[in-house]
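J.: In the UniProt record's numbering, the protein residues as written are 1 to 33.
For every residue, glycine included, the Cβ atom is placed at its ideal position computed from N, Cα and C.
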């Protein structure tokens with residue numbers, strides 16, 4: 001059970017990092033447009 005929770009937390013962090021990166025790219029694109 002604990003391993004699953006830790007795995008889920010890692011996944012959440014990765015997803016958040018991906019979303020932040022996408023948001024960064026989006027903001028840069030808007031700034032250049």
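Quick check: the Cα distance between residue 14 and residue 6, rounded to an integer number of angstroms?
T.: 12 Å
J.: Can you give the Cα-Cα distance for residue 11 and residue 31, rounded to whole angstroms?
T.: 30 Å
J.: Kindly indicate which three-state DSSP category residue 1 falls into: helix, strand or coil?
T.: coil
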